[in-house]
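Engineer: Have a look at this one before I ask anything.
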Amino acid sequence: MADTDTSRPTSWSAAPSGSLDVEAKLHQLELMVADGKNVPLSASIMLNRAELEGVIAELRGSLPDELRQARWILKERDEILDRARREAAQLREDAEAERARLVSRTEVVQAANREADRVIDEAQEHARQIRLEAEDYVDAKLANFEVVLNKTLAAVGRGRDKLRGRIAADDLADVEEERADEEWETR
């Protein structure tokens, strides 16, 4: 048969016989390399040319069956994927059609949707107005609080200034009293 034949292989098993041949030949090549004589002062080995060419020819002979089997598997995979895509697309279309049918089934549903949209819009507008009014109220209260706080801070500042003046006067009186006590004791 030609290489382009993609029909299903006549004998299928868990591991096709051609696969075993290729694997056996590859193993044989590995053994040849492992058993090859080392060339002194190099990483090269010496192999029997005729034996090596024979194994390569046998490998080439078994490749077309392997390739045909691989092509058939790829073709089957592509067909399965295409079928799955078509089925998924059909299911999606059916689901969309059913959804559309259920949504627009009656005029009552459509009217309810319009009413729900209207109520939502109205509620959003009302919430926006409440938020704006609350912001204005809070701003006014904060401005009033700021005025009261500034007046309080000014009163506190004046009180501290008076207190500092008294403390300075009291400190001066204490110093004079201490001097008088010292003079009295020294007499």
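Each residue of the sequence shown is one higher than the one before, counting from 567 in the numbering used here.
Glycine is no exception: its CB is placed at the ideal position from the N, C-alpha and C atoms.
Since the model is a prediction, treat every value here as computed from it, not as a measurement.
Helix, strand or coil, according to DSSP, for N604 in the structure here?
Structural biologist: strand
Engineer: Grouping DSSP H, G and I as helix and E and B as strand, with all else coil, what is D569?
Structural biologist: Note on D569: pLDDT 43, under 50, position unreliable in the model; the coordinate value appears next. Coil at D569, not helix or strand.
Engineer: Between G762 and I611, is the Cβ-Cβ spacing less than 8 Å?
Structural biologist: Any property of residue 762 remains undetermined from this structure, which presents the chain solely from 567 to 753.
Engineer: Distance check for R615 and E589, CA to CA, integer angstroms please.
Structural biologist: 21 Å
Engineer: What does I611 pair with, by DSSP beta-bridge criteria?
Structural biologist: N604
Engineer: CA-CA distance, E662 and A678?
Structural biologist: 21 Å
Engineer: Distance check for L668 and P630, CA to CA, integer angstroms please.
Structural biologist: P630 and L668 have their alpha carbons spaced roughly 56 Å apart.
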